[in-house]
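>
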Amino acid sequence: MNTFESLFVNYQPRLVTYADSIVKDHSIALDMVQDTFFTFWKKYSGQDEKSSARLLFAMTRNRCINYLKRERLLNYVDLSFLDSIQKTEKLFGLDFYYDAPDSPLIRKEVENQVEKVLSLLPDRCREVFVMSRFKGMKNREIAEMLGISQTAVEKHIRRALASFTEEAKEQNSPAFSWFVLSLLIGCS
Numbered sequence: 059m060n061t062f063e064s065l066f067v068n069y070q071p072r073l074v075t076y077a078d079s080i081v082k083d084h085s086i087a088l089d090m091v092q093d094t095f096f097t098f099w100k101k102y103s104g105q106d107e108k109s110s111a112r113l114l115f116a117m118t119r120n121r122c123i124n125y126l127k128r129e130r131l132l133n134y135v136d137l138s139f140l141d142s143i144q145k146t147e148k149l150f151g152l153d154f155y156y157d158a159p160d161s162p163l164i165r166k167e168v169e170n171q172v173e174k175v176l177s178l179l180p181d182r183c184r185e186v187f188v189m190s191r192f193k194g195m196k197n198r199e200i201a202e203m204l205g206i207s208q209t210a211v212e213k214h215i216r217r218a219l220a221s222f223t224e225e226a227k228e229q230n231s232p233a234f235s236w237f238v239l240s241l242l243i244g245c246s
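Residue numbers (my numbering): 59 to 246.
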């Protein structure tokens, strides 16, 4: 069995389950994963299995999001639907991303970069951001708990996201960039 066949046998069922958790239609999920493998085979075959698996996962996720946008099931600005699949996203992300031998080092590197950015934020901004992105609280809940307006909460979150985005631009770390992307779409 060649590498592509091995990838298909090992990852196709998981990718279909993952796609189905996003689009909520098994036949569409099957089609998307089939298209993903076809595109992968044409453009990217020849990579090692672990990086191929990560790429297939990302391609499938992007294809699902694009499908939802195209079908107008997802507003281009409002990506709040990702909250509903956050746990699934994390499980599949762990499945595809964190089984590499260097994953503890990568995770530590990302943690250090996150701590660096958080330490540079003003206290209130950091507090609001941690409550929003790491504790999963809604803006309304944060505003009530801290006795500030929802507008102030949104301002603090935007400021923190801008700091993380700036740090991602300065770093040459794909793992940190993925982390920042997850913050931007609300899935920490």
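All C-beta atoms, glycine included, are put in the ideal place defined by N, C-alpha and C. Please read all numbers here as calculations on a predicted model, not as lab measurements.
For residue 249, does the three-state DSSP call read helix, strand or coil?
Outside the modelled stretch of the chain, which goes from 59 to 246, sits residue 249, for which no answer is possible.
> Residue 195 by DSSP, collapsed to three states: which one?
Coil.
> With a threshold of 16 other CB atoms inside 10 Å of the CB of residue 198, please say whether the residue is buried or exposed.
Answer is exposed; the Cβ neighbour count stays below 16.
> Would DSSP call residue 169 helix, strand or coil?
In the structure shown, residue 169 sits in a helix (DSSP, three-state: H, G or I).
> Do you know how far the Cα of residue 215 is from the Cα of residue 202?
For residue 202 and residue 215, the distance between alpha carbons rounds to 16 Å.
> Going by other Cβ atoms of all chains shown within 10 Å of its Cβ, with 16 needed for buried, is residue 118 buried or exposed?
Residue 118 is buried by the Cβ-count criterion.
> Would you decide whether residue 110 is buried or exposed? Buried here means 16 or more other CB atoms lie within 10 Å of its CB.
With 16 or more other Cβ atoms within 10 Å, it is buried.
> Three-state secondary structure (DSSP) at residue 87?
DSSP places residue 87 in helix when its eight states are reduced to three.
> Taking the alpha carbon of residue 223 as the point to measure from, which residue in 171, 78, 115, 92 has its own alpha carbon closest?
For the residues 171, 78, 115, 92, the minimum Cα distance to residue 223 belongs to 171.
> Is it true that the CB of residue 70 sits closer than 8 Å to the CB of residue 95?
Yes.
> Tell me which same chain residues have a C-beta within less than 8 Å of the C-beta of residue 143, skipping the five on either side of it?
Caution is warranted here: a pLDDT of 48 is assigned to residue 143, below 50, making its placement in the model unreliable, and the coordinate value is therefore given only provisionally. Result list for residue 143: 79, 80, in chain order.
> Determine the DSSP secondary structure at residue 206, reduced to helix, strand or coil.
Coil, per DSSP.
> By Cβ distance, which residues of its chain are closer than 6 Å to residue 175, with the 5 residues on each side in sequence left out?
Taken in chain order, the residues that qualify are 221, 222, 225.
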